[in-house]
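Participant: Following this message is one structure expressed as structure tokens.
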Amino acid sequence: MLVAFDWSQLAQQTVIGLSSGGTWALLALAIVLIYRSTGVVNFAQGELAMLSTFVAWSLVHHGLSYWGAFFLTIALSFLGGVGIERAVIRPVERAPVLTIVIVTLGLVFVIDGIARWGWSSETRSLPNAFSTRPIDIVGVAFSIQDLGNIAVSLGVVVLLGLLFRYTKLGLALRAAAVNPQESRLLGVRVSWMLALGWGLAAAMGAVSGMLTAPALASFDQNLMQPVLLYALAGAVLGGLESPIGAVVGSLLLGVFVNLVGTYVGWVGNDLRLPVALVIILGVLLVKPSGLFGRTAVRRV
Amino acid sequence: MRRAAGIVLWLAAVAAALAVFLLLPHLVSDFHTRDLASAGAFFIAIVGLNLLTGYTGQISLGHGALMAIGGYTTAALVVHEHWRDVWTIPLAGLAAGIVGFVVGIPALRLSGLYLALATFAFAVAMPSLLKKFSGLTGGTQGLRFLESAPFQVTGLKGTVTVFGHTTTQNHFLYYLTWGIGLLGFAVAWLIVRGRFGRAFRAIRDSEAAAASSGVNLAAYKTLAFAISGVYAGVAGSLVAIQSEIVNPLSFTVLLSILIVVGAVVGGLGSLPGLVLGALFIQYLPSIAAHVSTRQGVPEFVYGAAIIVVIILLPGGAGGLLRRLAAPLTSRLYTRP
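One line per chain: the protein sequences are A and B, in this order.
For the first sequence, the tail end lands on 310 under my numbering, and the numbers increase by one without skipping.
For the second sequence, the tail end lands on 324 under my numbering, and the numbers increase by one without skipping.
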């Protein structure tokens, strides 16, 4: 058994895991972004990404190239995210966490309704952004699409990191998240920073959706539901507080789930999600605030 | 004098509630009685969730999974052991209470939204688990009472005779569900106003302060989970009895979400508004489908209604009731 172990298969499955983990990481990052600034998990993040993907599909359908539609959709999603924050989140900005969570759950239905109303329930597909032809790296065949997905995901993560680290806007965004009162005193328009956060999150979700869809033969309005669950799991695994954690957690989860699904026959395809969730629960029991999260210290 | 007035007011409210409970089935059609019975099951689950989330401050997005435990306990006893369906209710409550207690132990280490997400994961995983253990649960097919054990279904012939009174099956289900619901409500009220309730609220408001005042955090938090689980189990059992079938689709994540929505719309940390929360989640889908059956419109209306209600009533229906009753009650309760 061990002698016949196929190392190239392991490498291939790891890359496939990283590829799906990368798309989860973007959605997880979107969730963490909103969690850090408002303390709320946005359950509608997946549906928002789904809607963005449908917009991208329509753009492609009207003759745009994949990459043209890609960037236009990101811009539209950003505006949409800002608009949603202004319209439905701002009125409950000071409400208890659970109230805002319920509003985002309401948004799940609203956005799902819009997508079903605007686009028929027939299945559709997006063209592949990258060639599906395999490429040979040190004797192992990888798919260009998987490598491209990983590159785009990591690229977006790096761009976001640069935005937060080296721009004035990024500083204001971080300040508004860490200490809203003092930021307000220093002239940061905290409420608008939250709206921008929602915009950025929606844009990242859009990328996630547009990378997820082409990998499937076809997709419908349920496209992002599993991705949302894995992204939540990845974010919790890494620690809801930590952007790095969300990325690392999602990538780890992607590789782990793919390898378990491949090598443990009992798990197969059906039980991947429950197994992932059990792992997360196990990690939470040992480290209640995730791998990269800080333990909350409260002054009484 | 004031105390007497307060007691009279309470008695009047209780009498009015009982009168509505007893008379309602005779005012609406038999068919609507069944909807009301279904709302009653939601009500029980919501009262239980409110004890956990509204009073103890622990958010659970996984109560549908606890309802599944109750529903499947009832179904397994009826189908495999041929118990009479209504006698399984206590055991269903007990089973879900034990599971709630077990879930409550790891929950001690989690707080806030981490707990919400962990319980959410529990709810997400439940249908696949139910499919996996198909020997007990019937897998995807589920368990059907009418095919496997028809004689254990109360009201199979369309009527039920209790203590010499004969009613239709739907009326029986209504009185059964809301009777248990009102009993559960009264128990919840007693819990909330006694020392348990005081400990629960102290934990919700500040764990550190509660602990330093001698409240045993671990004991009370797991206790809240267990009690909440009993309510969810009884509710799930009633759902199973009402629909005479359980399958993995009876208890989805959506159910968990609806229970939370009902509790928030009804008003967390308040009990009287929860009836409205239960009616809200019971009737919203059919109202949304009434607006237009065009694809997507029901979902849109459904979500928009939830958002609008939450924005307009941040304290839920309970908060509204309290505000309406404030001129009355504040005079009753302030000392001279």
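C-beta: ideal position from N, C-alpha, C; glycine also.
Would you say A/Ala317 lies against chain B (beta-carbon separation less than 9 Å)?
Facilitator: Residue 317 of chain A cannot be examined here, being either before or after the span of chain A that is shown, 11 to 310.
Participant: Exposed or buried, A/Asn9, counting other C-beta atoms within 10 Å across all chains shown (16 or more means buried)?
Facilitator: Residue 9 of chain A is absent from the structure shown; chain A starts at 11 and stops at 310.
Participant: Are A/Ile112 and B/Val112 close, meaning C-beta to C-beta below 9 Å?
Facilitator: For A/Ile112 and B/Val112, no; Cβs fall outside 9 Å.
Participant: Taking Cβ-Cβ distances below 8 Å as the criterion, which residues of the stretch 237 to 267 of chain A are in contact with chain B?
Facilitator: Leu239, Leu242, Ala243, Val246, Leu250
Participant: Helix, strand or coil for B/Phe121 per DSSP?
Facilitator: coil
Participant: Return yes when the Cβ of B/Ile294 is within less than 9 Å of the Cβ of A/Thr109, no when it is not.
Facilitator: For A/Thr109 and B/Ile294, no; Cβs fall outside 9 Å.
Participant: With DSSP collapsed to three states, give me the class of A/Ile145.
Facilitator: strand
Participant: Where does A/Val270 sit, in a helix, a strand or coil, going by DSSP?
Facilitator: If DSSP states are grouped into helix, strand and coil, A/Val270 belongs with the helices.
Participant: Going by other Cβ atoms of all chains shown within 10 Å of its Cβ, with 16 needed for buried, is B/His159 buried or exposed?
Facilitator: buried
Participant: Taking 9 Å as the threshold (C-beta atoms), are B/Ala56 and B/Ser238 in contact?
Facilitator: yes
Participant: Is it buried or exposed for B/Asn204, if we count other Cβ within 10 angstroms and need 16 for buried?
Facilitator: exposed
Participant: According to DSSP, what are the bridge partners of A/Val50?
Facilitator: A/Val50 is bridged by DSSP to nothing; it lacks a bridge partner.
Participant: Taking a Cβ distance cut-off of 7 Å, strictly less, list which residues of the stretch 47 to 74 of chain A are near chain B, in chain order.
Facilitator: Val51
Participant: On the criterion of 16 or more Cβ atoms from any shown chain inside 10 Å, does A/Thr114 qualify as buried, or is it exposed?
Facilitator: A residue is called buried when at least 16 other Cβ atoms come within 10 angstroms of its Cβ; A/Thr114 meets this threshold and is buried.
Participant: Quick one: give me the first and last residue of the alpha helix (DSSP H) that B/Ser274 is part of.
Facilitator: 262 to 279
Participant: With 16 as the cutoff for other CB atoms within 10 Å, does A/Trp276 come out buried or exposed?
Facilitator: exposed
Participant: Cβ atoms of B/Ala27 and B/Ala266: under 9 Å apart, would you say?
Facilitator: yes
Participant: Taking A/Pro224 as the query, report the chain B residues whose CB atoms sit under 9 Å from its CB, ordered along the chain.
Facilitator: Ordered by position in chain B, no residue passes the 9 Å Cβ test against A/Pro224, which lies about 24 Å from the chain.
Participant: Do B/Leu103 and B/Gln46 have their C-beta atoms closer together than 9 Å?
Facilitator: yes
Participant: Going along the chain, which residues of the stretch 281 to 294 of chain B sit with their C-beta nearer than 9 Å to a C-beta in chain A?
Facilitator: Arg282, Gln283, Gly284, Val285, Pro286, Glu287, Phe288, Val289, Tyr290, Gly291, Ala292, Ala293, Ile294
Participant: Identify each residue in the stretch 89 to 107 of chain B for which the Cβ-Cβ distance to at least one residue of chain A is less than 8 Å, and report them in chain order.
Facilitator: Pro94, Arg97, Leu98, Ser99, Gly100, Leu101, Tyr102, Ala104, Leu105, Ala106
Participant: Mind the definition here: the stretch 134 to 142 of chain A touches the stretch 118 to 125 of chain A only if three or more C-beta pairs lie below 8 Å; say whether that holds.
Facilitator: no
Participant: Going by the beta-carbon positions, is the gap between B/His70 and B/Gln140 smaller than 9 Å?
Facilitator: yes
Participant: So A/Val217 is in the alpha helix (DSSP H); what residue range does that whole segment cover?
Facilitator: In this chain, the alpha helix (DSSP H) harbouring A/Val217 covers 200 to 225.
Participant: Looking at the secondary structure, which residues open and close the beta strand (DSSP E) in which B/Val150 lies?
Facilitator: B/Val150 -> beta strand (DSSP E) spans 147 to 150.
Participant: Rounded to whole angstroms, what is the Cα-Cα separation between A/Gln129 and A/Phe53?
Facilitator: At residue 129 of chain A the sequence reads Trp, which differs from the Gln that was named. Cα to Cα, A/Trp129 sits roughly 22 Å from A/Phe53.
Participant: Please report the residue range of the beta strand (DSSP E) in which A/Val150 lies.
Facilitator: 150 to 153
Participant: In this structure, how does DSSP classify B/Leu259 when only helix, strand and coil are distinguished?
Facilitator: coil
Participant: How close, in whole Å, do the beta carbons of B/Leu259 and B/Phe173 come, if the pair is a contact with beta carbons under 8 Å?
Facilitator: Right, the Cβ-Cβ distance comes to about 7 Å (below 8 Å), so this counts as a contact.
Participant: B/Val141 touches chain A at which residues, Cβ-Cβ below 7 Å?
Facilitator: Chain A residues near B/Val141: none, gap ~32 Å exceeds 7 Å.
Participant: Does any CB atom of chain A fall closer than 9 Å to the CB of B/Phe336?
Facilitator: Outside the modelled stretch of chain B, which goes from -11 to 324, sits residue 336 of chain B, for which no answer is possible.
Participant: So is A/Val188 buried or exposed if we call it buried at 16+ other beta carbons inside 10 Å?
Facilitator: A/Val188 sits exposed, since fewer than 16 C-beta atoms from the chains shown fall within 10 Å of its C-beta.
Participant: Please list, in chain order, the chain A residues whose beta carbon lies closer than 8 Å to that of B/Ala113.
Facilitator: Leu283, Pro284, Leu287, Val288, listed in chain order.
Participant: What is the residue span of the alpha helix (DSSP H) that B/His51 lies within?
Facilitator: 51 to 69
Participant: Within 9 Å of any Cβ in chain B, is that where the Cβ of A/Val44 sits?
Facilitator: At residue 44 of chain A the sequence reads Ile, which differs from the Val that was named. No, its Cβ sits nowhere closer than 9 Å to a Cβ of chain B.
Participant: Assign A/Met11 to one of two classes, buried (16 or more other C-beta atoms within 10 Å of its C-beta) or exposed (fewer than that).
Facilitator: Note that A/Met11 scores 45 on pLDDT, short of 50, meaning its location in the model is unreliable and no value can be drawn from it.
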